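*Asks:*
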Amino acid sequence: MKITRVTTTIVRSPFRYGAPGGAGGNLHLRTLDTLLVRVETDAGVHGWGEGFGFILVDTTRTAIETLIGPACLGRDPRDIAGLTKELRRRMHNFGRNGPITFGISAIDIALWDIAGKLAGEPLHRLLAGEAALPRVAAYASLLRYGDAALVERNAAKAYRRGYREVKLHEAEVPMVRAARAALPADVPITIDVNCRWDDPSDAIAFARAVDGLGVRWLEEPVWPPEDYAAIARVRAEGGLAIAAGENAGHPEDFARMLEAGAADYVQPSVTKVGGVSAMHAVAEIAARHGATLVPHSPYYGPGYLATLHLIAAWGRPDVRLESYFLDAELPIYGTALDPAADGTIAVPDGPGLGLEPDPTVLARFAEAG
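Quick note: the sequence shown uses the working numbering, first residue 6, plus one each step.
(1) State buried or exposed for G79, treating a residue as buried only when at least 16 other CB atoms are found within 10 Å of its CB.
(2) Tell me where the beta strand (DSSP E) around W222 begins and ends.
(3) Along the chain, where does the beta strand (DSSP E) containing V16 start, and where does it finish?
(4) In this structure, does DSSP put K122 in helix, strand or coil?
(5) For Y164, I'd like the list of residues in its chain whose CB is within less than 6 Å of its CB, leaving aside the five on either flank, ordered along the chain.
(6) Expressed to the nearest angstrom, what Euclidean distance is found between the alpha-carbon atoms of I105 and R95?
(7) Which ranges would you report for the beta strand (DSSP E) in the segment 234-273 if only whole runs of at least 3 residues count?
(8) If we call anything under 7 Å between Cβ atoms a contact, is A351 one with R140?
(9) Kindly provide the ranges of any beta strand (DSSP E) runs that are 3 or more residues long and lie completely inside the segment 272-334, ordered along the chain.
(10) Residues in the same chain with beta-carbon distance under 7 Å from P19, minus the five sequence neighbours each way, listed in chain order, please.
(11) Can you tell me which of the three DSSP states G58 falls into?
(12) Below 8 Å, how does it come out for the segment 354-369 and the segment 298-314: are there three or more Cβ pairs, yes or no?
(13) From D376 to D323, what does the alpha carbon distance come to, in whole angstroms?
(14) Taking all protein chains shown into account, do 16 or more other C-beta atoms lie within 10 angstroms of the C-beta of E257, making it buried, or fewer, making it exposed?
(15) Less than 7 Å between the beta carbons of T65 and G108, yes or no?
(16) Identify the continuous beta strand (DSSP E) that holds V42 and give its terminal residues.
(17) Whole angstroms is fine: what's the gap from P273's alpha carbon to G250's?
(18) From what residue to what residue does the alpha helix (DSSP H) around R140 run?
(19) If I measure Cβ to Cβ from G125 and keep anything under 7 Å in the same chain, skipping five residues before and after, which residues do I get?
(20) Mind checking which residues open and close the alpha helix (DSSP H) that includes V181?
(21) Output needed for A234: all residues of its chain with C-beta closer than 7 Å, excluding positions within five of it in sequence on either side, in chain order.
(22) For H51, count the other beta carbons within 10 Å of its own beta carbon; 16 or more makes it buried, fewer makes it exposed. Which is it?
(23) Tell me the DSSP bridge mates of D197?
(24) Considering only the alpha carbon of each residue, which of T71, A120, G56 and A136 lies closest to G103?
(25) Under three-state DSSP, which class holds H174?
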């Protein structure tokens, strides 16, 4: 069996911020930009992948179309480990993180989709058999609003939709208090400050100020994100558990992070770190160090689906799927991944990733390569 074609499609879907006129801290996002990658074979089986992401999708697409995709042609799609290893080695001179790794991640996800289709099994059962979970709990990951009233309104709305954990992207104590006021006391809050502080002392002060507000973890507290010594200091002195890893480009980064004592929760992103294969490697590293793996998943296409399948395969009911809390005009998979009233999402049971992009969405918002 051989790979015969690799194509890319960008879906740019309008969405609502949960803020009047799109006001807030995420103004660089005008549409939900998702890079879909389709890998086709001479056996008539295809797979879908996704490369990170947001306003970078055009750059990642270029990396795939000019470098990565052509290198895949004629290769056996069943040799996932061999092909992705070769791609990393051949492309390393162009960067061991960023668009090259994002593109390889997309290929790896698509190859696992093909593997499931060839086996006639959904990905989660291909990986874990009948031990896989049929449903996965999700948590609502709110956008940054920069306004306490909007934080309170959207946190309450997320809870009404069934989510039983809420992530904030705020770095001011009043915003955290507003979310706490909107939610029952038993609903955990997590806080992603997106590498906000250069000085770890500022992160420590913030952590101490929000301690006692039901915060499960503080995420990516300092800049740069690979300053594991600084993150470890925040973890030791701030009083809160620390989550980190969404910016890591390789599983080895997580080993260094955990050896430095920098995290309680590790957060690989399947569209950044190397796809499904790399997520397995990170899971093994996290287990050796006693850390909890809670994937980062700020996307809406095959990467989100792959993360859902992985969590189901790991069989950990306490690990929730990050679900960005916004309303796309037309989601890529329609309503298939909408959470139920209890905040859980059904894991698709079709072969591979189990779902195909909705043709209506592609017809309206897709830009083919």
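For each residue, glycine too, the CB sits at the ideal point set by N, CA and C. Since this is a predicted model, take the numbers as computed values, not measurements.
*Replies:* So, from the listed chains and residues:
(1) Result: exposed.
(2) Start and end: V220 to E224.
(3) Counted as a single uninterrupted DSSP element, the beta strand (DSSP E) harbouring V16 occupies residues I8 to S18.
(4) In this structure, K122 counts as helix in the three-state DSSP scheme.
(5) So the list reads L188, once near-sequence residues are dropped.
(6) If I take the Cα positions, the gap works out to 11 Å.
(7) Note on the segment 234-273: whole beta strand (DSSP E) runs with a minimum of 3 residues are 247-249, in chain order.
(8) In this structure, R140 lies closer than 7 Å to A351 by Cβ.
(9) Fully enclosed beta strand (DSSP E) runs of 3 or longer: 326-329.
(10) So the qualifying residues of the chain are T36 and E334.
(11) DSSP places G58 outside both helix and strand once states are collapsed to three, so it counts as coil.
(12) Three or more beta-carbon pairs drawn from the segment 354-369 and the segment 298-314 are found closer than 8 Å, and the two stretches are therefore classed as touching.
(13) Outside the modelled stretch of the chain, which goes from 6 to 374, sits residue 376, for which no answer is possible.
(14) By the neighbour-count criterion, in which a residue is buried when 16 or more other Cβ atoms sit within 10 angstroms of its Cβ, E257 is exposed.
(15) Against a cut-off of 7 Å, the Cβ pair of G108 and T65 comes out as a contact.
(16) It spans L37 to T46 - the beta strand (DSSP E) in which V42 sits, taken as one unbroken run.
(17) Straight-line Cα distance between these residues: approximately 5 Å.
(18) Careful: R140 lies outside any alpha helix (DSSP H), inside the beta strand (DSSP E) at R140 to S146.
(19) Excluding five sequence positions before and after G125, the CB atoms of its chain that fall closer than 7 Å to its own CB belong to P356, given in chain order.
(20) Per DSSP, V181 belongs to the alpha helix (DSSP H) from V178 to A187.
(21) Around A234: A265.
(22) Answer is buried; the Cβ neighbour count reaches 16.
(23) Bridge partners of D197: E224.
(24) Here the closest residue by C-alpha is G56.
(25) Note: H174 maps to coil in three-state DSSP.
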